[in-house]
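As C-alpha cells, the structure follows; a few thoughts come after it.
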Amino acid sequence: MFRSIPNPERMDPLLKAMASAIRHAPSLKKLDLWFGEDELSPTYVKVEGLKRRFDIFYRASGEGRVFRDDPKERQLTRRPRIVCDVLHWRASEEIEKCWMEALGPNGAIYYRH
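Residue numbers for the sequence shown follow this note's numbering, beginning at -19 and rising by one.
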C-alpha cells in the first residue's frame, strides 16, 4: 500500500539531507522529491478521486512556480521556498528548523492543499 503519511524514522534523514543540499550548494535552483502520481489509487479501495501524493519541491529565489495556478505560491516567487504538496502531513519542528536554516531569513515553507 502506498503511504501518504511517511514513517519519520525513514523520511526525516532524507528531508535533512535535502536541507543540507540546499544549504551547501548555493548554485542549486530546484530540487524535487516526489513519490507516486497525482492520482494513485489502490485497486482495492473504491473512493472516487482519492489522491495519494507526497511531493516536496525546493525553488531558489526568482525560480518559477511549481504550480502555475496557485496564487499563494505566486506571492512567494521572490523568496527561496519549499513547497509541500502532501495533503495533511506536516514536517516536524526539527525538519522545519533545518529547512529554514537552509533557506535563510527570507525563506518560506508553504503547505499546499
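Glycine included, C-beta positions come from ideal geometry on N, C-alpha and C.
Residue i (DSSP reduced to helix, strand or coil)
i           : result
residue -8  : helix
residue 69  : coil
residue 40  : coil
residue 78  : helix
residue 83  : helix
residue -19 : Unreliable positioning characterises residue -19 in this predicted model, as indicated by a pLDDT of 36, which lies under 50. A coordinate reading is not provided.
Paired residues, beta bridge with residue i - DSSP
i          : result
residue 3  : Bridge partners of residue 3: none, in fact.
residue 47 : In the DSSP output, where bridge partners are listed per residue, residue 47 has none listed.
residue 13 : 36
For residue j and residue i, believed in contact at Cβ under 8 Å, the rounded distance
i           : j          : result
residue 89  : residue -5 : 11 Å between Cβ atoms; not a contact.
residue 155 : residue 84 : This structure gives no information on residue 155, because the portion of the chain shown stretches from -19 to 93.
residue 36  : residue 78 : Incorrect: roughly 13 Å between the Cβ atoms, too far for contact.
Near the ligand NAP: residue i beta-carbon under 7 Å from a heavy atom
i          : result
residue 38 : Of the ligands one can find in the structure shown there are none, so the ligand NAP has no counterpart to examine.
Residue range of the unbroken beta strand (DSSP E) whose run includes residue i
i          : result
residue 9  : Looking at the DSSP string, residue 9 is not in any beta strand (DSSP E), and its letter there is neither H nor E.
residue 59 : Careful: residue 59 lies outside any beta strand (DSSP E) and carries neither H nor E.
residue 92 : 88 to 92
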